[in-house]
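In order, the protein sequences belong to chains G and W.
Start counting the first sequence at 1; every next residue gets the next number (full-length UniProt numbering).
Start counting the second sequence at 1; every next residue gets the next number (full-length UniProt numbering).
Note that CB positions come from ideal geometry on N, CA and C, so glycine has one too.
Shown next, in structure tokens, is the structure this report addresses.
Number of protein chains: 2
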Amino acid sequence: MTAVNGRASTTASGADAGSAGGSAAAGYGPAGDTVAAVVRQWQAVHPRIDTAPMEIIGRINRCAALLQQAEDAPLRHAGLTRPEFDVLGTLRRTGHALTPGEIARETFSSGAAVTKRLKQLGERGLIERHGDTRDRRVTHVHLTDAGRDLVDRVLPEQLSYERTALSGLDDDAQRGLAAALGELLVQLEGRLGGPRG
Amino acid sequence: MTAVNGRASTTASGADAGSAGGSAAAGYGPAGDTVAAVVRQWQAVHPRIDTAPMEIIGRINRCAALLQQAEDAPLRHAGLTRPEFDVLGTLRRTGHALTPGEIARETFSSGAAVTKRLKQLGERGLIERHGDTRDRRVTHVHLTDAGRDLVDRVLPEQLSYERTALSGLDDDAQRGLAAALGELLVQLEGRLGGPRG
DNA sequence: CCTAAACCTTTTACTAGTAAAATACCTGCT
DNA sequence: AGCAGGTATTTTACTAGTAAAAGGTTTAGG
């Protein structure tokens, strides 16, 4: 990913901090986080504006950017980008071979992007392709032993890193946040993701 | 945002759906969102693993990806990418000229990326540069009238779009989520963003 | 004064994504 | 059978980011 790129100045694409409002780094005052500072600036410029969405969406984006930056460390140490790890992880957790199309749907990426990643991962011996004998348009992708071992080695490191990143919140706060995000996600997936098949 | 590119197949950067675990699109069962389905798959493969971090981080990433996709619509309609709008918005909300370095810090992007965006935006007549007379390394960037008008026109559309995206949650849920995310963000910014100056 | 170090911005070379076209194949209809 | 249309994957042309180096300028020390 670009997404995996470090920023830290963080990444682009990845993820910019601000929602509609962009983002702020310096000089955040009384209330605390950078998003609150951005909202305050907008309020000063356009007092009538309803900035409520920024307080959720801006924060989600900013959290995603910061976490990604942090999470990249263990992955990069293993020589993987996040999208590459997503491919391997998808194969590992489903437990069976998948077609490139299925991987694309599972990881929410384009088919072309998956093709490129599979090429890379294949060259490194982490996955293999086998053509379908029935339908020769289709290929089946599966993890090699090396690929499976890599996932099983990296995943605990990754989760440990994530636990550390979240450790500023107590267990109750974490459970509450997970539940609230789950509620939002159900809404968004129904609304934006389409009444999926 | 890279984190914030549209995907939706969405984009990179932006943001993949899964945290450590990658992401799932199809076949989500009882509990509801795609992240819950991914977590269930991992539990089946590695029953001892503590997947709690995925339930927060995976959901943040997935929400960011979905929202981005949705939010890109009004911006694209105005011929802007999100990072470009972030630059314009930063100039608008601070209310005065900024140097490229300051813009980079405000938008959490690299200096090189800002240089490219400023070039684009300058060619479209939305911003202008003026060299500093004291320190000739420095340039000052400010919005043109056209740039300011564009921001003032797009921002309400953007916020309106965001409000719609969030409308599945009632006001209390939105306030609670904003507060919980703010708490997390304060922690992350202190921990990962550095004890900023 | 003059040089070394630090700084701000831009340039260069490269990477990884996207959209759309191309390729190859299957399915169903007549 | 043969062809129209749809599907799965890859390829092509391009875009926008990154890291690192370069260019030009100021600041501090001797």
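Per DSSP, reduced to three states, the secondary structure at L159 of chain W is helical. DSSP lists G:T139 as the beta-bridge partner residues of G131 of chain G. Q41 of chain W has a beta carbon lying within less than 9 Å of a beta carbon in chain G. Under the rule that a run must span 3 or more residues, the beta strand (DSSP E) segments found entirely inside the UniProt domain "HTH marR-type" (53-190) of chain G read 127-131, 139-143. Rounded to the nearest angstrom, the Cβ distance from I56 of chain G to A178 of chain W is 5 Å, consistent with a contact under 8 Å.
Burial is judged here by how many other beta carbons sit within 10 angstroms of a residue's own beta carbon; T164 of chain W has fewer than 16 and is exposed. Annotation for T34 of chain W: the continuous alpha helix (DSSP H) segment containing it runs 34-45. Residues L98, I103, E106, T107 of the same chain have their beta carbon placed closer than 8 Å to that of T90 of chain W, with the five preceding and five following residues left out of the count. The Cβ atoms of L143 of chain G and V151 of chain G lie closer than 9 Å to each other. Taking C-alpha positions only, L118 of chain G is separated from I127 of chain G by approximately 7 Å. Contacts with chain W at 9 Å (Cβ-Cβ) do not include A97 of chain G.
Classified as buried, D72 of chain W has 16 or more neighbouring CB atoms from the shown chains inside 10 Å of its CB.
Contact with chain W is found for G32 of chain G, since one of that chain's Cβ atoms lies less than 9 Å from the residue's Cβ. Excluding residues up to 5 positions away in sequence, L166 lie with their Cβ nearer than 8 Å to the Cβ of Q174 of chain W in the same chain. At a beta-carbon threshold of 8 Å, none of the residues of chain W lie near I127 of chain G; the nearest stands roughly 14 Å away.
If you draw a straight line from the Cα of G190 of chain W to the Cα of A37 of chain G, it comes to about 15 Å. Looking from the CA of L169 of chain G, the closest CA among W:R134, W:H130, W:L184, W:P47 belongs to W:L184. Less than 9 Å divides the Cβ of T139 of chain W from the Cβ of G131 of chain W. Think of a sphere of 9 Å around the beta carbon of Q187 of chain G: the chain W residues whose beta carbon falls inside it are A165, L166, S167, G168, L169, in chain order.
When 7 Å is used as the limit between beta carbons, L150 of chain W is near no residue of chain G, the shortest such separation being about 13 Å.
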